[in-house]
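Residue numbers (the working numbering), protein chains in the order written: chain A, 19 to 405; chain B, -10 to 610; chain C, 114 to 452; chain D, 758 to 1370. Where a beta carbon is used, it is the ideal one built from N, C-alpha and C, also for glycine. Note that this is a predicted model, so its numbers are computed, not measured. Okay, structure first, notes after.
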Amino acid sequence: MNTALPTKRHYVDPTPFDPGATEPVGAENESFYRASSWRLMWWKFRRHKVAVAAAFILLVFYLIVPFVEVIAPYNQTKRNGDFIYAPPQSLHLTHEGRFVGPFVYSYSQSFDLENFRRVYTVDRTSPQPIRFFCRGDAYKFWGLVNANVHLVCPPENGTMFLLGTDRLGRDLLSRIIYGARISLTIGVVGIAVSFALGLFFGGLAGYLGGWVDHVIQRMIEILRSLPELPLWLALSAALPANWSPILVFFGITIILGLLDWPGLARAVRSKLLALREEDFVKAAELMGASKQRIIARHLIPNFMSHLIASATLSIPSMILGETALSFLGLGLRPPVTSWGVLLNEAQNLAAVQLHPWLLFPIVPVIVVVLAFNFMGDGLRDAADPYH
Amino acid sequence: METPLLSVRQLTVDFKADSGDFRAVDGLTFDIPKGKTVALVGESGSGKSVTAQAILQILSKKARISGGSIVFNDPATGKTADIAELRPESDAMHALRGGRIAMIFQEPMTSLSPLHTIGDQISEALIIHAHVGQAEADKRTMEVLARVGFPDPKRALRTYPFELSGGLRQRAMIAMALITRPALLIADEPTTALDVTTQAQILDLIKELQAETGMSVLLITHDLGVVANVADEVVVMYRGRVMEAGSREEIFRNAQHPYLKALIRAVPRFAMGEDERLTPIRDVKSAILANTDAPKRPQPQGPILKAEGLRKCFTLRSGWFSGKTRTIRAVNDVNLTLPAGKTLGLVGESGCGKTTVSKMIMRAMAPDSGRVLFDDGSGPRDVFGLEGSALTDYRRTVQFIFQDPFSSLNPRMTVYELLTEPLRIHDIGTPDERYERAKQLLDMVGLDKRSLRRYPHSFSGGQRQRLGIARALALEPRVLLCDEPVSALDVSVQAQILNLLKDLQDVLGLSYLFVSHNLAVVDYIADTIAVMCRGYIVEEAPKTSLFRNPMHPYTQALLAAVPDPDIDRPLDFDKLRAGRFSNPADWPEPYRLVEGEAGVMKEVEPGHKVRMGAHKAREAA
Amino acid sequence: MIRFLLRRLVTMVVTLLIISALVFFIIKLPPGDFLSNQIAELRAQGESASIAKAEFLIKQYGLDRPAWEQYLVWIGVMPGPNGYSGLLQGDWGWSFEFDKPVVEVVGDALWLTLLVNLAVVIFIHVVSIPIAIYSATRQYSVGDYIATFIGYIGLATPSFLLALILLYYMNRWFGVSIGGLYDAQYAGEPWTWDKIKSLLSHLIVPTLVIGLSGTAAMIRRMRANLLDELGKQYYVTAKAKGLGPNKALLKYPFRMSLNPFIADIGNLLPHLISGSVLVSLVLSLPTVGPILLSALKSQDQFLAGFILMFVAVLTVIGMLISDLLLAMLDPRIRMGGGR
Amino acid sequence: QTYVEPPLFAEKVAKKELPPLAERLPQPPIVVNPKGGQYGGDIVTLVSRPRDIRYISTYAYTRLIGYDRSLQLQPDLLERFENEDDRVFTFTLRAGHCWSDGTPFTSEDFRYYWEDVAQDPDLSPAGPPEFMMVDGKLPRFEVIDERTVRYTWDKPNPRFLPQLAGPLDPGIYRASAYLKRFHAKYADKAALEEKAKKAKLKSWAALHNRLDDMKEQTNPDLPTLMPWRITNTAPATRFVFERNPYYHRVDNRGQQLPYVDRMIMDVSASGLFAAKANAGEIDMLFRGLSMSDVPILKEGEKAKGYHTLLWPYARGTELALYPNLNATDPVWRKLNRDLRFRKALSLGIDRRTLNNALLFGLGTEGNNTVVAESPLFSPELRTLNATYDPDEASRLLDEIGLTQRNGAGIRLLPDGRELEIIVETDGESSLVVDGLTLIGEFWREIGVRLFVKPQDRTVLRNRSFAGLTVMVAAQGFDNAIPTALMPPTEFAPMRQDNYSWPKWGQYVETKGKNGEAVDMPEAKRLLELYDTWMNTGNRTVQADVWREMLRNHAENQWVIGTVAGALQPIVMRNGLMGLPEKALYSWEPTAMIGIYRADEIYWNKAAGKEARR
Ligand SMILES: Nc1ncnc2c1ncn2[C@@H]1O[C@H](COP(=O)(O)OP(=O)(O)OP(=O)(O)O)[C@@H](O)[C@H]1O
Ligand SMILES: Nc1ncnc2c1ncn2[C@@H]1O[C@H](COP(=O)(O)OP(=O)(O)OP(=O)(O)O)[C@@H](O)[C@H]1O
Ligand SMILES: [Mg+2]
Ligand SMILES: [Mg+2]
Ligand code: NI
């Protein structure tokens, strides 16, 4: 090899030289090389442990969505008048040193007139084993099939309020599970709407510029100048009362989406205004690419990081946006539950001070939001060619 | 023996990549003596830029110095530091970077921030290292801008990179490196975007500074002519390893290694025989060419492309609220004809409007006046009037190779996607066919299929340039507008590409508009050559007659400035300094153009036209 | 430039006109008007005596005229009961609820709103920019994760719930009185040092509550944008010049990644104002938010209209500023504008 | 009798800026006999918006004639009054009674109101208030002397005195001395118009109306007769009321009432009321608190030094359903008018569960009717048609013909729609919304679906007026402790704002111009009964009318009641005395705490020492 050589001397590499020699090409199959950047993204993403874990958590959450009726121990409307504001019952495994399997102790309510509070006393004498794959509250699965099978049920003649109950004696855990259905879909649908619009209008304005930009800009300006408040109020009056809860839900989602897009559109536009001056855009243009293609394939991907970040950030605002609406009387209608509704109900001092378990719905919201965020991070990294 | 300024020992740089780790620099050893110029030459992708980055510790995150040392002996402080041991973000490293070791980057377009003015970016280095005030920094910036040949340094302070031609950007980059008067200048292809006269000026400047400050230079270049003219020592690299190293004399007179010999053989020379081919180290397997038969396409009666009276002015806004604007006449009354199956070479000073002309022909930019006619066999049509499918056809048949390959490649697309994108746009072939085509294209430009799944940023400058060429060829165009297509390629790969282009022309009847600073290359490939200066075509002639009998003073100056890869025929820098003839008002009669006058093209020989002042031409008539 | 500004100003006026029409339309959307509702309310309380007075007012404010006439009178292109006196003449209208000119009603609230929002904006930027830079340059460090986590808790908790919890603990632990912008005893008092102290201590919760979600959002977006720019060649150039990583980062990639945020400036204010309505309501802040809400609910049309127009003007100005800043920031936009 | 000068005025009196107390008091003043009251201190309370400061006139309950704790009418500002068959009313003022600015309170103030305000077409385009008219005729008004005025109607006007004693003072007298300065009849009209212009008002009348504001408390200059007078104006976040030096009540130890110098109202979001009370930031609070706040209020009692009085709320029912008999939808109108339907809905409600869930089981279950404390109460009317009997309910619905059901077991309307009742509510009370959720479950069992639709109050009202609502949920009768002399207005279809019969009410109110004539005999009967009540001064006849109306309501279920008897929490800081431990709370007739006399509330120095900040 080239040992320390004084540069003054004329050095010639002694190893034989073969210009045709190519480095051995790896044994990867063709698809390895043919991978599109999307596929590469996916491969990179898979290597990102935190992101994959987050994606897995989300998957679990979303898998719950179609089966909430089965998974929730109670129906969402099921209330128990004898257990109003009951604190969480803890799950035990051993009774007096003996393994029993998962069980709860029953408790009973009494009324403390002095403090105006319901007091629950736990009866530690007899464990009440909870049941699995059992029959419980009847429900209509997907609104089609009547059924009453549950994954877990309360003990026979007993109660199982693992997260306590609310002011009407409804099981919080079940309500959270039912709420997941609405909250998890509302975020995704809302974002889909707002992204579709934001990308479309922002893309048009940014890439085409000129009068299109001008009109879209003014549109955004007008939309943005109207604070959401009066719109919500007007809408709350306008939404027909006999819309089914599902319709209301979609109405709200769409409204949230509709209100959300201008911000994104402006960001897209300003970034595109800068990007469209880049040579590679010109190159695509000169190759004859259509405008849509240039926006979709060349401009937007270069804006991916911001989009992913925006999307993951919009999720919580969508999930919670609906709480603000219910605050103004435009939210979901009972009996439909969402995490936002649950949090809204916890929105008083009594919840903070006397019934802290009512604040529990924050936990799934945070978990979901964090999971979306970490997944977004992974996506961003995967999409970053430099990473 | 004096300690060298920088001694690199057994330097090894590894890259981590999806397709496996690979070694870009492998046991590299060389010294840079004080005050001397060391030229680093080698095949495109052989690790020259990576070496330079390693010296500055600015390697990409994927790369790592996995062995060896880089010892820097600072002549000013007498201190010695092993750069390979320093942390990239340590203070010691910051002090070295820019201050003691400065670098000119290979791709000047992407290396400048688009948001900051040239002046800001250049003076910054000075402010950091010399601790001077803004006013002083501006003054010195103007000085160096003037020295690198900016026509109006004061205004240049406030222009943005995208307002400059490729050559001007490169000169800005050079100014940025030189302003702190470093002990070591690493110049990575500093003159690729410059015409030969400017190149000579820059080389001269570097020499001057070397004499003034005892600066050492690590010059990375492909142009053996430049090496022969300025280098003291030469290091020849191939695939990350030194093949041969020695003094200039030894290398040029006594080349030993087969690679170096092949390299010297591959240099295009003037006055090559009509059918003489360049001899690259590896030739493209002509099998690929053989099975692509020429499609039956109607041939146009006249030229396939014709530009008539193109003019373009750029308006420069000087301030925010002041309405004061300045216009730059980038292109002035340009007429060009490109016959089918022929090559038109376009040479000229950096910043004279070549790129602007090609962009207008591409309809990437609207001319202020004039028109471009395109004839695909169905009669000439104005390009700017094309609509719908006619435009799509035009886009398909006429392709453009960008001067700056990096910025013309979408950073978020893999090579596979980049190469197949044109096919997808025009909806050609099945995915499998497209894949085969992509592999074929890569083969043509001498890259292997592992490149397919890499992103543009992970290639060397020359490799990217080849990607640009491959992409332009993807659609089997009939006309190719090449804006400096081979400037970043070493002579061997360059030969390979030039041969390829020639073969394609023979087989498929392609027409080229070939913009280049390298006159030998133009001579090799072109049939007709047009010389541009300050927005004007000053001379146009078949290549034989142009090189035999250059009429215009600017053409003559240009030819005189071509560096020869022969150490026995050095450039005469003094003479070059005297007569650059780039200002129309300085041209001797009858060529002088007075302010605002366009003059006329006058035919002096059959096919040989020269621009003359209008009244002189009338007189002559 | 001047022409550009002039053109923008003209379009601004047109936009504002359209907005004013929309605003009025939306306010008028629910049936009835303030005084009719008032009368109904009075009647419900058996207060027949005041009804006559309310009816007197209906005539006086022209509420018996068709809506479009009311609109034209409001903006001042049609003579009202007082002749030409509308927004264009600088007459901001009359609040029925407070029975006072709108400006007097809104006066204090307006600058308190701006104060709160300013505090929020400053808070967001001061907190999020350094954190964003930190977590972009030290991606996947523990610090990055912690910043992310805290940010997201802020984002994932409904602001009013957070407000309530914070209020409760601020009161329990630091004795800060619940709600309001200063202790009640300072209401209507002149500004003294104690009052300012009280104001500052009361600003903490709203700033935190309104700002937290914005902060998280800003950190994440900024971080994402920065990460994109960190790989670019010009950043390498800057580093090659010997700039320290932070300085180089601030000057080059940071400035590059500011683009989407500047584009958002126009949004900032209306967003903060409407975003802070609920919080202001919960926290009982004397800002325009709650006034707006109650004005909308009670259809105190001129008051609501004024506040909405005020926000609209701010938005439109914000957008203009954002466009100017964008052009200032990015010469490519400045010079390439309009193909 | 010697009088003790309030310390707040001592200085002013010493400086002769204010005459001594003896000269300020009317002769005779009202002498009351509370235990241990003493001068001094402020009371801090909360309002949710600046406008609500007008409720001071309810708390401070200063009337010409007012109810005492046994709901008997007593002269208050008046020295005495005479009532001949509810037709001729003669009022006698107290000698030397002064407004808060020291100007005398005389017959002229009544005349000024009657002639120059109520009948001035500029100031009152709609004329005098409706309760002053009988069959569209105005009373004859006479000023007998300085201190005596008389109103004479041809027919009895039994509403007159109860109206004067209502929770909101109709104010048939004005501070004439002050207001004349702004009346075109007494002052220079041009100058007044000028003044009005300056205040951005349109005419002198507007200016007068604005300054003449006995209830809204927006004019600190306006003299008052109340125990406290306002000192500042909106916009503000704190409103301060200061004691009236000329107030007409004293205690038996010669101390002038009110004991407390200042009544301070801070503006705060209503959502924070309980929190602020819990944090011990206020001295007294009741309006804006509800039974669901009780646990949290109890929680803070010990730590923050206050206690919570729990007064039963005298309301017809906490949650009432108003089926709209005037609905425009013909199907619903028919159904709502079917007594069997209303009965079925009532029998389908499990009131015990509601009571447990909403009122801690402490409420009374049954109809929307008067409370047991009322002399008109009869126990069987509470439960008539208001037991829980889902089987009977189902039977009744079947009997109507609503036998078709859909897959989910919901009955179908004759036109094929589902029997979905959209119950609209103003959404301001969580109790109502929660209660509806529960009722929704009960009704599902009888095949009826219920949707809750919270609306903004004004929207709701407008929808109801237009006949668009099918059913509205709200609170029941305001006055649940009526005596025979109180008008049974709420019980007869004569008010548009009753969600059961908005159009009938409108018809009566507009004298047949708008709305629909009452066309159900049972409802017509209510109107007849009301007429009977109106046309007599005889209390036994009136009591009979009352009883029949109550029975009519229970039988017809015009309004479906559920549970009553919520407890109204009243937070009092330790040391603040003067309110009974237990009493009935209501809007009408108790005027919240009005009839228990806020002016008699005082700080017990001993207990209050450590409690005050
Ligand atoms: N960021 C990167 N990631 C992966 N591979 C890289 C990266 N940068 C460079 N390479 C590879 O390292 C090798 C050496 O690159 P380098 O830029 O040093 O070439 P060069 O000698 O400067 O060539 P040229 O003359 O074409 O500029 C090339 O094969 C290139 O593809
Ligand atoms: N967008 C622009 N705005 C302003 N001036 C421009 C712009 N583009 C080019 N110019 C100016 O027009 C002139 C011609 O530029 P052009 O890029 O055509 O030169 P070129 O001949 O290609 O030079 P080079 O060989 O250096 O690339 C230069 O002076 C350049 O500064
Ligand atoms: Mg290189
Ligand atoms: Mg060029
Ligand atoms: Ni990663």
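Pairwise C-alpha distance: P358/C and P369/B:
Residue mapping note: residue 369/B aligns to position 380 of the second sequence, counting from 1. Residue mapping note: residue 358/C aligns to position 245 of the third sequence, counting from 1. When rounded, the distance between both Cα atoms is 56 angstroms.
Just to confirm, does S154/B get its C-beta within under 7 angstroms of one of the non-hydrogen atoms of ligand 4?
Position 165 of the second sequence, counted from the start, is the residue given in the question as residue 154/B. Yes - ligand 4 has a heavy atom lying nearer than 7 angstroms to the Cβ of S154/B.
Would S407/C pass as a contact of N230/C if the rule is Cβ separation under 8 angstroms?
For the purposes of this step, residue 407/C is identified with residue 294 of the third sequence, where counting begins at 1. For the purposes of this step, residue 230/C is identified with residue 117 of the third sequence, where counting begins at 1. Between S407/C and N230/C, the CB-CB gap reaches or exceeds 8 angstroms.
Closest by CA to N790/D, which one among A883/D, I901/D, Y1016/D, M890/D?
For the purposes of this step, residue 790/D is taken as residue 33 along the fourth sequence, with counting starting at 1. Closest option to N790/D, Cα to Cα, is Y1016/D.
To the nearest angstrom, how far is the alpha carbon of N362/A from that of N93/A?
Here residue 362/A corresponds to residue number 344 of the first sequence, with the count starting at 1. Here residue 93/A corresponds to residue number 75 of the first sequence, with the count starting at 1. Distance between the alpha carbons of N362/A and N93/A: 20 angstroms.
Counting only beta-carbon atoms, is K1339/D nearer than 8 angstroms to chain A?
Working through the fourth sequence from its first residue, we reach residue 1339/D at position 582. No, K1339/D lies away from the interface with chain A (no Cβ there is under 8 angstroms from its Cβ).
For E1038/D, would you say it is in contact with chain C, using Cβ-to-Cβ distances shorter than 8 angstroms as the test?
As a working mapping, residue 1038/D is identified with position 281 in the fourth sequence. Taking Cβ atoms only, chain C reaches closer than 8 angstroms to E1038/D, which makes this a yes.
When you measure from the CB of S449/B to every non-hydrogen atom of ligand 3, does any distance come out below 7 angstroms?
Here residue 449/B is taken as the residue at index 460 of the second sequence, counted from 1. For ligand 3, at least one heavy atom lies less than 7 angstroms from the Cβ of S449/B.
Inter-residue Cα distance where the pair is N840/D and D866/D:
Numbered from its first residue, the fourth sequence carries residue 840/D at position 83. Numbered from its first residue, the fourth sequence carries residue 866/D at position 109. Rounded to the nearest angstrom, the two C-alpha atoms are 21 angstroms apart.
Distance between K300/A and A276/B (C-alpha atoms, nearest Å)
The residue labelled residue 276/B in the question sits at position 287 within the second sequence. The residue labelled residue 300/A in the question sits at position 282 within the first sequence. With a pLDDT of 48 at A276/B, under the threshold of 50, the modelled position of this residue cannot be trusted, and the question is left open.
Establish whether the CB of E768/D and some CB of chain A are separated by less than 8 angstroms.
In the fourth sequence, the residue the question calls residue 768/D occupies position 11. Cβ-Cβ to chain A under 8 angstroms: no for E768/D.
Which of the three DSSP states, helix, strand or coil, is assigned to M1048/D?
Here the question's residue 1048/D lines up with position 291 in the fourth sequence. Of the three classes helix, strand and coil, the one that applies to M1048/D here is helix, per DSSP.
DSSP three-state assignment for H405/A, whether helix, strand or coil
Here residue 405/A refers to the residue found at position 387 when the first sequence is read from its first residue. Taken through DSSP and simplified to helix, strand or coil, H405/A comes out as coil.
Could you give the C-beta distance for V206/B and I195/B, rounded to a whole number, given that I count them as a contact under 8 angstroms?
Within the second sequence, the letter at position 217 stands for residue 206/B. Within the second sequence, the letter at position 206 stands for residue 195/B. Going by Cβ atoms, the distance from V206/B to I195/B rounds to 6 angstroms, so yes, they are a contact pair.
Under the three-state reduction of DSSP, which class applies to T124/C: helix, strand or coil?
The residue labelled residue 124/C in the question sits at position 11 within the third sequence. Here T124/C sits in helix by DSSP.
Using a beta-carbon distance cut-off of less than 7 angstroms, what residues from the segment 344 to 362 of chain B approach chain A?
Under the 7 angstroms Cβ criterion, the segment 344 to 362 of chain B contributes M351, A353.
Out of curiosity, what's the CA-to-CA distance linking L122/C and I278/C?
Translated into positions along the third sequence, residue 122/C becomes position 9. Translated into positions along the third sequence, residue 278/C becomes position 165. L122/C and I278/C have their alpha carbons spaced roughly 45 angstroms apart.
Quickly, what does DSSP pair L1078/D with across the bridge? List them, please.
Within the fourth sequence, the letter at position 321 stands for residue 1078/D. According to DSSP, L1078/D shares a beta bridge with A1230/D, I1317/D.
Under the three-state DSSP convention, the category H232/A falls into
The residue you call residue 232/A lines up with position 214 of the first sequence. Looking at H232/A - three-state DSSP - the assignment turns out to be helix.
Which term fits L120/B, buried or exposed, when burial requires 16 or more other beta carbons within 10 angstroms of its beta carbon?
Walking along the second sequence from the start, residue 120/B turns up at place 131. The sequence shown places His at residue 120/B, not Leu. Under a 10 Å Cβ-count criterion, H120/B is classified as exposed, with fewer than 16 other Cβ atoms of the shown protein chains found around its own Cβ.
Is F391/B near ligand 1, with its Cβ less than 7 angstroms from a heavy atom?
Start at 1 with the first residue of the second sequence, and residue 391/B comes out as number 402. Not a single heavy atom of ligand 1 lies less than 7 angstroms from the C-beta of F391/B.
T409/B Cβ short of 7 angstroms to ligand 4 heavy atom set
Residue mapping note: residue 409/B aligns to position 420 of the second sequence, counting from 1. Result no, Cβ not under 7 angstroms from ligand 4.
8 angstroms CB neighbourhood of Y247/C in its chain, flanking five on each side removed:
Sequence index remark: in the third sequence, residue 247/C carries index 134 (1-based). Cβ contact annotation for Y247/C (same chain, cutoff 8 angstroms, sequence separation greater than five): G256, D257, A260, in chain order.
Within 10 angstroms of its Cβ, does F310/B collect 16 or more other Cβ (buried), or is it exposed?
The residue you call residue 310/B lines up with position 321 of the second sequence. Low confidence applies here, because F310/B scores a pLDDT of 45, under 50, leaving its location unreliable and the question unanswered by this model.
Within a Cβ cutoff of 6 angstroms, which residues of the same chain sit near Y1079/D, ignoring the five residues on either side of it in sequence?
Mapped onto the fourth sequence, residue 1079/D falls at position 322. Excluding sequence neighbours, Y1079/D sits near V1229, Y1256, S1257, V1316.
Comparing the C-beta of H316/A with each C-beta of chain B, is any distance below 8 angstroms?
Sequence index remark: in the first sequence, residue 316/A carries index 298 (1-based). So yes, H316/A belongs to the interface.
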